[in-house]
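Each residue of the sequence shown is one higher than the last, beginning at 1 in the UniProt record's numbering. Backbone N, C-alpha and C fix where the C-beta goes; we use that ideal spot for every residue, glycine too. Quick notes on the structure that follows.
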Amino acid sequence: MFRPSSRTAGLALSQIVRISEAAARMRAEGRDVLALSTGEPDLPTPTPVCDAASRAMAEGRTRYTPTAGTPELRRAIAATAGFAAEPAQVVVSTGAKQVLANIFLATLDAGCEVVLPTPCWSSYNDIVALAEGRPVEVACGPEQGFKITSAQLEAAITSRTRWVLLNSPSNPSGALYTANEFAALARVLERHPHVWIASDEIYAHLSYVPFTSFRNAAPGLADRTIVISGVSKSYSMTGWRIGWGIGPEPLVNAMVAVQGQVTSGACSIAQAAAVEALTGDQGLLAERLSLFRARRDRVVAALNAIPGIACAVPDGAFYVFPECHGLLGRTAPDGTRIETDTDLCEWLLATEGLALVPGSAFGLPGHLRLSYAYSDADLADGCARLIRAATTLT
Ligand code: PLP
Numbered sequence: 001m002f003r004p005s006s007r008t009a010g011l012a013l014s015q016i017v018r019i020s021e022a023a024a025r026m027r028a029e030g031r032d033v034l035a036l037s038t039g040e041p042d043l044p045t046p047t048p049v050c051d052a053a054s055r056a057m058a059e060g061r062t063r064y065t066p067t068a069g070t071p072e073l074r075r076a077i078a079a080t081a082g083f084a085a086e087p088a089q090v091v092v093s094t095g096a097k098q099v100l101a102n103i104f105l106a107t108l109d110a111g112c113e114v115v116l117p118t119p120c121w122s123s124y125n126d127i128v129a130l131a132e133g134r135p136v137e138v139a140c141g142p143e144q145g146f147k148i149t150s151a152q153l154e155a156a157i158t159s160r161t162r163w164v165l166l167n168s169p170s171n172p173s174g175a176l177y178t179a180n181e182f183a184a185l186a187r188v189l190e191r192h193p194h195v196w197i198a199s200d201e202i203y204a205h206l207s208y209v210p211f212t213s214f215r216n217a218a219p220g221l222a223d224r225t226i227v228i229s230g231v232s233k234s235y236s237m238t239g240w241r242i243g244w245g246i247g248p249e250p251l252v253n254a255m256v257a258v259q260g261q262v263t264s265g266a267c268s269i270a271q272a273a274a275v276e277a278l279t280g281d282q283g284l285l286a287e288r289l290s291l292f293r294a295r296r297d298r299v300v301a302a303l304n305a306i307p308g309i310a311c312a313v314p315d316g317a318f319y320v321f322p323e324c325h326g327l328l329g330r331t332a333p334d335g336t337r338i339e340t341d342t343d344l345c346e347w348l349l350a351t352e353g354l355a356l357v358p359g360s361a362f363g364l365p366g367h368l369r370l371s372y373a374y375s376d377a378d379l380a381d382g383c384a385r386l387i388r389a390a391t392t393l394t
């Protein structure tokens, strides 16, 4: 009989993936399904980036790469980090997700704690658990802008805490920490030298208000801070699987050692493409940002026109995370009772073919996550489906 390890026994497909797969199954059955559930830009990978990949193939750059990444890409990452960084402090991995896995596999012993301001990306919990760590969720609701306060951080830290994992701008809330807010957290962390900081800044280029890296807000903590980023979101390169960490060399070396036994260096062609993404014309970032901002504004306005839904304007990323308490405890025309955000999402998928992710997938029930990394037509259609469904609830 198959017996999973205790390490993997609790791992399940994430709710986001389950919803996206259910939507795909329904579509394959001929249903009219609209998914606004995935954090993946609808825009294409820029042509110069694809051309750089073609050149890499034509030139035979198709062999194993150094485990930590090609020298060209590590240099490009260090040079564009936005803070002082040496190529030796950079590790390139197969997506930012692998960077996170490397961090925790390299540093956690069983029972070590990782503080997770919640709501947060669902994989954080699973990756920490896979590394046998203990996620310590700290509830950060809309009343505090979905951000952890200094007092909450202070209260969450114990002698077993190894990491606090911050995410700005945030998936799912779009919350962005100001320089002052990061500096206030840094003052707490200065008092706890055993706690390291992982700052996931993969949505940095998708900031509608000034962005500050934790590294710049807290330079005094540089020797225990790792910044995580990648090309997936900003450059529409989700499938190329290139992410990186920039942190102290001893940590980077430990992560490289883990990666060396799991995947080795990331794809040579994708790394060449990522060099072009980082060093080529950056004009497209501003163009895309204004496109996403316009989408955000339209979606927020449409959602706030729905009785029962309240949506704050997020400062970054490409998600809105409205409250849906006003739609809960109600009944659909077919008698379905909508008690929770998960009930609501299941019913929306069944009745309107609309795939959204419940806030409970991110640790904060009573919310919905809608990704606006979709075309204007899809977003208008999605909002129309939501309004149609919501107005039938009694
Ligand atoms: N970090 C956050 C906050 C994310 O939302 C995601 C993807 O959804 C990732 C990391 C993973 O990015 P990648 O595609 O580079 O693995």
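query = Is the closest heavy atom of the ligand PLP to the C-beta of W347 under 6 angstroms?
reply = Checking every heavy atom of the ligand PLP against the Cβ of W347, none is found closer than 6 angstroms.
inquiry  = On the criterion of 16 or more Cβ atoms from any shown chain inside 10 Å, does P46 qualify as buried, or is it exposed?
reply    = Of the other Cβ atoms in all chains shown, 16 or more fall within 10 Å of the Cβ of P46; this residue is therefore buried.
T394, DSSP secondary structure in three states = It is coil, neither helix nor strand.
inquiry  = Suppose the cutoff is 6 angstroms on Cβ atoms and the five residues either side in sequence are ignored; what does the same chain contact list for L349 look like?
reply    = The answer, listed in chain order, is A355.
key: Any non-hydrogen atom of the ligand PLP within 6 angstroms of S213 CB   = Remark: the shortest separation between the CB of S213 and any heavy atom of the ligand PLP does not fall under 6 angstroms.
message = On the CB-based measure, 16 or more other CB atoms within 10 Å of its CB, does Q261 come out buried or exposed?
response = The residue is exposed, with fewer than 16 neighbouring Cβ atoms inside 10 Å.
message = How far does the alpha helix (DSSP H) with T279 in it extend, from its first residue to its last?
response = T279 -> alpha helix (DSSP H) spans 268-279.
query = Can you give, in chain order, each stretch of the beta strand (DSSP E) that sits fully within the region 59-85 and has at least 3 residues?
reply = Segments of the beta strand (DSSP E) lying fully in the region 59-85: there are none.
message = Looking at the secondary structure, which residues open and close the alpha helix (DSSP H) in which P250 lies?
response = Annotation for P250: the continuous alpha helix (DSSP H) segment containing it runs 249-260.
message = Between L130, D343, S213, A179, which has its C-alpha nearest L11's C-alpha?
response = The candidate whose alpha carbon is nearest that of L11 is L130.
message = What does DSSP give as the partner residue(s) for H367 in the beta ladder?
response = The secondary-structure analysis by DSSP pairs H367 across a beta bridge with E323.
task = Give the DSSP bridge partners of W196, in chain order.
result = By DSSP's assignment, W196 forms a beta bridge with W163.
query = So what does DSSP say about T351, is it helix, strand or coil?
reply = Helix.
request  = Give a single yes or no on whether K97 has its beta carbon closer than 6 angstroms to a heavy atom of the ligand PLP.
outcome  = Yes - the ligand PLP has a heavy atom lying nearer than 6 angstroms to the Cβ of K97.
inquiry  = Just to confirm the assignment: which complete beta strand (DSSP E) runs, minimum length 3, are found wholly within the region 192-248?
reply    = Listed in chain order, the beta strand (DSSP E) elements of length 3 or more contained wholly in the region 192-248 are 196-200, 225-230, 243-246.
message = Quick check on DSSP: helix, strand or coil for E21?
response = E21: helix per DSSP, three-state reduction.
ask   = Residue range of the alpha helix (DSSP H) that V313 falls in?
value = Unbroken run through V313: none, as it is neither H nor E.
request  = Could you check if T391 is buried or exposed, using at least 16 other CB atoms within 10 Å of its CB as the buried criterion?
outcome  = It is exposed - the Cβ of T391 has fewer than 16 other Cβ atoms within 10 Å.
query = Where does the unbroken beta strand (DSSP E) through R134 begin, and where does it stop?
reply = 134-139 is the span of the beta strand (DSSP E), which, as asked, contains R134.
message = Relative to the C-alpha of L185, which candidate in P219, S207, E346 has its C-alpha closest?
response = Closest by alpha carbon: P219.
key: Short CB-CB distance (under 7 angstroms) between A332 and chain B   = Protein chains in the displayed structure number just one, and chain B is not present.
ask   = Would you report the Cα separation of G133 and D334, rounded to the nearest angstrom?
value = Answer to the nearest angstrom: the Cα atoms are 44 angstroms apart.
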